[in-house]
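Notes follow once the structure below has been shown.
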Amino acid sequence: MNWLRLEQAFRIAALIIAVAALVDPELIRTRADGALVSVVARDATADSVLLKDVRARLSAEFTIIAEPSDAARATVVVGAGAPLGFERAGGPVFRVVADLGADDARIRDMDVEPEIGPGGSANVRITWIEPERTSAPVRIALRSGGVLVASQDGGAVLPEGDALEVAMRSARPSAGVVTRTATLAVVPPDTGLIRLTVELERGNRVVAAAGTYTRVTARAIPVLVYDARPSWMSRFVRRALESSPTLDLASRVNTSRAASSDAGTARSLPRTSLAGDPAALDRYAVIVVGGADALGTGDVAALDRFMRRRGGSVVMVLDSVVSGPANRLTGVVDWRVDRRRDTTSLALTADRAAPALRATALAAPRALPPGGTPLGPARASSATLWDSPVGRGRLIVTGALDAWQFREVDGPDWADVWIDIVTGAAASARRVGELQVEPQYIHVGGDVEVHYAMEQEDAADAPAWAVLSTGDSIALTSGQRPGSRFGRFRAPASVGAYSIGVQRNAGAGRLTVVDRRRVAEGSGGPAVQMLAAATGGGEVSAGQLRDLPGRIRDAHGDAGRPRPVYPMRSPWWIVPFTLLLAVEWWLRRNRGAR
Numbered sequence: 015m016n017w018l019r020l021e022q023a024f025r026i027a028a029l030i031i032a033v034a035a036l037v038d039p040e041l042i043r044t045r046a047d048g049a050l051v052s053v054v055a056r057d058a059t060a061d062s063v064l065l066k067d068v069r070a071r072l073s074a075e076f077t078i079i080a081e082p083s084d085a086a087r088a089t090v091v092v093g094a095g096a097p098l099g100f101e102r103a104g105g106p107v108f109r110v111v112a113d114l115g116a117d118d119a120r121i122r123d124m125d126v127e128p129e130i131g132p133g134g135s136a137n138v139r140i141t142w143i144e145p146e147r148t149s150a151p152v153r154i155a156l157r158s159g160g161v162l163v164a165s166q167d168g169g170a171v172l173p174e175g176d177a178l179e180v181a182m183r184s185a186r187p188s189a190g191v192v193t194r195t196a197t198l199a200v201v202p203p204d205t206g207l208i209r210l211t212v213e214l215e216r217g218n219r220v221v222a223a224a225g226t227y228t229r230v231t232a233r234a235i236p237v238l239v240y241d242a243r244p245s246w247m248s249r250f251v252r253r254a255l256e257s258s259p260t261l262d263l264a265s266r267v268n269t270s271r272a273a274s275s276d277a278g279t280a281r282s283l284p285r286t287s288l289a290g291d292p293a294a295l296d297r298y299a300v301i302v303v304g305g306a307d308a309l310g311t312g313d314v315a316a317l318d319r320f321m322r323r324r325g326g327s328v329v330m331v332l333d334s335v336v337s338g339p340a341n342r343l344t345g346v347v348d349w350r351v352d353r354r355r356d357t358t359s360l361a362l363t364a365d366r367a368a369p370a371l372r373a374t375a376l377a378a379p380r381a382l383p384p385g386g387t388p389l390g391p392a393r394a395s396s397a398t399l400w401d402s403p404v405g406r407g408r409l410i411v412t413g414a415l416d417a418w419q420f421r422e423v424d425g426p427d428w429a430d431v432w433i434d435i436v437t438g439a440a441a442s443a444r445r446v447g448e449l450q451v452e453p454q455y456i457h458v459g460g461d462v463e464v465h466y467a468m469e470q471e472d473a474a475d476a477p478a479w480a481v482l483s484t485g486d487s488i489a490l491t492s493g494q495r496p497g498s499r500f501g502r503f504r505a506p507a508s509v510g511a512y513s514i515g516v517q518r519n520a521g522a523g524r525l526t527v528v529d530r531r532r533v534a535e536g537s538g539g540p541a542v543q544m545l546a547a548a549t550g551g552g553e554v555s556a557g558q559l560r561d562l563p564g565r566i567r568d569a570h571g572d573a574g575r576p577r578p579v580y581p582m583r584s585p586w587w588i589v590p591f592t593l594l595l596a597v598e599w600w601l602r603r604n605r606g607a608r
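When you read off a place in the sequence shown, starting at 1, and then add 14, the result is the number in this note's numbering.
This is the structure in structure tokens:
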């Protein structure tokens, strides 16, 4: 070995470092200086390898912190499930998951109504991804309290254009992966807060699982069916609604100008018109209107008040094109009727397994009113089923004019569609003077918001305090609208059900506090995925980690601009300089030189 040349090489290298320290070179590098990125995992032990890879990939450009923080420019959740403290996540949320194996699956969403009426059934919609080619289809098992309540083999490929599918496209799924969906009907075995768990099984192995909560109430939803004139369409809709135990149905059919046929609580309403005592409608959450073309000016004013002041929902069931006073409610002045030879299927969702209506005469507005949106997969230009906000309430219009003629062909779907429409409308009804609690289900110590609204003329009397059933007071500050109040507080430290009331008992709300671990488990992957789509983040597989820094930079345009870097201003350059000189000195002494 030529020791002299090796000695010279070490001396030259040390000299280069010394010259670089004097020159102080400037390098241009894309770096997000000072940008905090939170990298967290629910199970750091199980996901340790993936967690290490993510941190190594991001640490070159970002400052990594190991817990959720609202100060973070982005939050990266590694693995399945939502970690503790996830509610404090800051910035866009990205979920990093392992690549799917040949027989794996991953649940993307588990959707169920937050509240179910007594004796009613709930449709649980599960969406998952799996490899396009697998050894066997999955079996879906839905359990309540550990008891199997529904099951199904396989699922349908999610149709193109579904809103959930659009949200999932940001996940950039790997090639050969398909998105599937299934809807299962379940009758809850008990009232109160219940937990529903879904498991995807392949063979004897559970490949994916998720859970959520829903509440089963013992109180039926009050609904009024009001026919301004006899209508076949409304008559059969009323019969469909009568079959649901979740609805407390009352009805009125005006048979002439001076007579009506009443059932239930409708007997106490003013005769043949709603205008005599508009406040009497406040007992209902939903009013289903038939024969809308016969509505009088007083009826329209009462329904408008019901939506704007009560916050109720009106479902207008058309059997002909409306005109006159009714158009004041719809906000539509020009209708289009499409009459077809063959029936057209009208669904509320893009799920092919969901119930749908059939009709050959379809009425739709030529232009939707401001705020109007189609229901289901329909385009705005052909919205036969649509809804529109009216004050605090909601108006739903169905333009399937002759759908009642195909009720026998539709079978159970006929009743299911109308029950879904009405129960959905009831869920969005907001009674003035009712305290709204968001969220209704929270873990111990989580942040809870309360909202209270009164009429504008009662703004001066709006309460300033709400009281929790523990005796704690919650200060209410002025909201955005006159008479509205807003407050925020920490959930109690004990698991249980709590009530929240305002002074003078003007309103009441409910809060259910559950164990933090169970909430994290229940929200799981679907919650992280939906939050990722909502915040502009997305899902990244282990094989796509190289794209993650760029996607975080794209979410913040100023986080990845080129910045000058001065490597010789770091004190660490002295370490290799000293080491090189020491080795060069040792080599000289070893060959006897001074």
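Glycine is no exception: its CB is placed at the ideal position from the N, C-alpha and C atoms.
Predicted model, so just to flag it, every value in this text is computed and none were measured.
Secondary structure at Gly345: coil, using DSSP grouped into helix, strand and coil. The C-beta of Ile30 has fewer than 16 other C-beta atoms within 10 Å across all chains shown, which makes the residue exposed.
Proximity to Gly405 across Gly386, Leu210 and Thr412 peaks at Gly386, based on C-alpha coordinates. For Trp432, the enclosing alpha helix (DSSP H) covers residues Pro426 to Ala441. In the structure shown, Glu256 falls within a helical segment according to DSSP collapsed to helix, strand and coil. Using a Cβ distance threshold of 8 Å, Gly338 and Val451 do not count as a contacting pair. Apart from the 5 residues on each side of it in sequence, Ala119 sits with its Cβ closer than 8 Å to the Cβ of Trp142, Ile143, Glu144, Val152, Leu214, Arg216, Val221 and Ala222 in its chain, given in chain order.
Contact check between the segment 310–320 and the segment 428–437: fewer than three CB pairs, one atom from each, fall below 8 Å, which does not count as touching. Counting the other Cβ atoms within 10 Å of the Cβ of Tyr580 gives fewer than 16, which makes it exposed.
Where Ser135 is concerned, there is no enclosing alpha helix (DSSP H), because DSSP gives it neither an H nor an E. Between the alpha carbons of Leu238 and Ser327 lies a distance of about 11 Å. Taking the Cα positions, Ala28 is about 9 Å away from Leu593. Under DSSP, no beta-bridge partner is assigned to Trp600. The secondary-structure analysis by DSSP pairs Glu81 with nothing; it has no beta-bridge partner. For Leu156, same chain residues with a beta-carbon under 7 Å away, outside a window of 5 residues either side, are Val138, Val163, Ala164, Ser165, Leu198, Val200, Leu210 and Val212 in chain order. Shown here for Arg354: same chain residues with a beta carbon closer than 7 Å to its own, the five before and five after excluded, namely Thr374 in chain order.
For Leu207, no alpha helix (DSSP H) encloses it; the enclosing beta strand (DSSP E) starts and ends at Gly206 to Arg216. A straight-line Cα-Cα distance of about 12 Å links Arg504 and Pro453. Residues Ala306, Asp307, Leu309 and Val314 of the same chain have their beta carbon placed closer than 7 Å to that of Ala340, with the five preceding and five following residues left out of the count. Its chain contains Val92, Gly93, Val110, Ala112 and Ala556 as the residues whose beta carbon lies nearer than 7 Å to that of Leu64, once the 5 sequence neighbours on both sides are disregarded; these appear in chain order. Under the three-state reduction of DSSP, Phe24 is assigned to helix. In this structure, the alpha-carbon of Met247 lies about 10 Å from that of Arg421. When the beta-carbon positions are compared, Thr437 and Thr260 come within less than 8 Å of each other. For the pair His465 and Thr148, the Cα-to-Cα distance works out to about 49 Å. According to the DSSP secondary-structure assignment, Asp352 is paired through a beta bridge with Leu376.
Annotated three-state conformation of Thr311 is helix, per DSSP. Between Trp418 and Val411, the CB-CB gap reaches or exceeds 8 Å. Within the model, the alpha-carbon separation for Gly325 versus Ala293 is close to 12 Å. Rounded to whole angstroms, the gap between the alpha carbons of Gly460 and Asp67 is 31 Å. DSSP places Gly105 outside both helix and strand once states are collapsed to three, so it counts as coil. Exclusion of the five residues before and after Val423 leaves Arg372 as the residues of its chain whose Cβ lies within less than 7 Å of its Cβ. Between Pro563 and Leu50 the beta-carbon gap is near 14 Å, outside 8 Å, which marks them as no contact.
Spatial neighbours of Ala85 in its own chain (CB-CB distance under 7 Å, excluding positions within 5 residues in sequence) are listed in chain order as Leu50 and Gly104.
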